[in-house]
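Number of protein chains: 2
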Amino acid sequence: MLKIGELASKTGLTAHTIRYYEKNGLINASQRSEVGYRCYNESDVRQAEFVRTARRIGFSIADVAALLSIRVDKTNHTCQDVTEITQRKLKDVSEKITELRSMQKTLQILLNSCSGGPENAYHCSIMEALDASNSQAVRGRA
Amino acid sequence: MLKIGELASKTGLTAHTIRYYEKNGLINASQRSEVGYRCYNESDVRQAEFVRTARRIGFSIADVAALLSIRVDKTNHTCQDVTEITQRKLKDVSEKITELRSMQKTLQILLNSCSGGPENAYHCSIMEALDASNSQAVRGRA
DNA sequence: GTTGACCTTAGAGTTTACTCTAAGCTTATA
DNA sequence: TATAAGCTTAGAGTAAACTCTAAGGTCAAC
Ligand SMILES: [Zn+2]
Ligand SMILES: [Zn+2]
Ligand SMILES: [Zn+2]
Ligand SMILES: [Zn+2]
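Residue numbers (this note's numbering), protein chains in the order written: chain A, 1 to 142; chain B, 1001 to 1142.
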């Protein structure tokens, strides 16, 4: 039976975070000690590790809660239930990457256009591009 | 002279957002009408468009504030000042992309391992991977 | 002359995921 | 037997960027 600090060092979460996850239904201490300390058994620890793994992958707390509800009742859930959550997350991540790549490209174009030197910014092409609301560079892929 | 709603439709920002930006020093109305309405002149509009463009590229509000302070005093700032902000942002964006690509890869591996079919999740390989805290798939690029 | 769209302010609420604080027990160590 | 480290709770604070509300004044149109 681990105390919260022990679970924390075992999982790499902080005790604060574990209590926060508990409030959100992700981690649970099956027992309390006589004085009220949280006590985690092996099954609790495995669940905490599941949570940490899922969070590391990028699942939100709500996603993890959904995955846990499948986990505790696998026979009444399908592989489809699991992949739906995973697909949705993959879609989010992919969309975010697309957005960021567009930003990345624009920023790179801006940087390529400017010397970055010590001359004053009066004719800086980055500033000019930001000022031109109809600039090619800042409207994404042309 | 535009009123806030006119500036909003011209820029694609909402009136709420424009007031919020004003509070943060990004957009300013040079005048008020007799009854206190914000009035934006051409220069104000150009600044608002600069802000909108910079925000669209992904610069934070603090970044935009820094860019604006260069913009209003170009002769006392250098191209280096401008590129520093841009480089920092590019670095942030690139790091975020790296993170997300790692998530994307993991999620794809998970999805490839599961049929996604209507069978129950008892032997679901996604659930198994999440449960195995030492799983290959969930520890990023091996 | 009243409806409806638009404007004003200060300030609260939203989202996500923590992160920290205060006040007070408990437990291990020197 | 004192410290120090660790545990408890409720609740507040943080970050970013909005988003909305309430209560009220203004303006154009029918
Ligand atoms: Zn120059
Ligand atoms: Zn330059
Ligand atoms: Zn199966
Ligand atoms: Zn499956």
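Backbone N, C-alpha and C define an ideal beta-carbon position, used for all residues, glycine too.
Should Ser1113/B be counted as a contact of ligand 2 given a C-beta to heavy atom distance under 7 Å? no
So what does Asn120/A bridge to, in DSSP terms? Thr1078/B
Quick check: what's the CA-CA separation for Arg71/A versus Glu6/A? 24 Å
With burial defined as no fewer than 16 other Cβ atoms inside 10 Å of the residue's Cβ, what is the status of Ser125/A: buried or exposed? buried
When every heavy atom of ligand 4 is checked, does at least one fall within less than 7 Å of the C-beta of Ser1125/B? yes
Can you have a look at Asp1073/B and say buried or exposed, based on whether 16 or more other CB atoms are within 10 angstroms of its CB? exposed
Please report how far the alpha carbon of Asn24/A lies from the alpha carbon of Glu1034/B, in whole angstroms. 52 Å
So within the region 1044-1075 of chain B, which uninterrupted alpha helix (DSSP H) runs reach at least 4 residues, ignoring any that extend past its ends? 1061-1071
Using CA coordinates, which residue listed in Ala54/A, Arg55/A and Asn28/A is at the minimum distance from Asp42/A? Reading off the sequence shown, one finds Glu at residue 42/A, where the question assumed Asp. Among Ala54/A, Arg55/A and Asn28/A, the Cα nearest to that of Glu42/A belongs to Asn28/A.
Step through the CB atoms of chain B and report whether any lies within less than 8 Å of the CB of Ile70/A. yes
When you compare the CB positions of Ala65/A and Leu13/A, do they come within less than 8 Å of one another, or not? no
Cross-chain neighbours of Ser133/A in chain B, by beta carbon under 7 Å: Glu1049 and Thr1053
Min CB distance Thr14/A to chain B below 8 Å: no
Please indicate yes or no: does the CB of Ala121/A lie closer than 7 Å to some heavy atom of ligand 2? yes
Helix, strand or coil: how does DSSP classify Leu26/A here? coil
Taking 7 Å as the line, does the beta carbon of Val1051/B fall inside it for any heavy atom of ligand 4? no
Extent of the continuous alpha helix (DSSP H) run through Ser125/A: Ser125 to Asp131
Under 8 Å, Cβ to Cβ, is there at least one residue of chain A near Leu1100/B? yes
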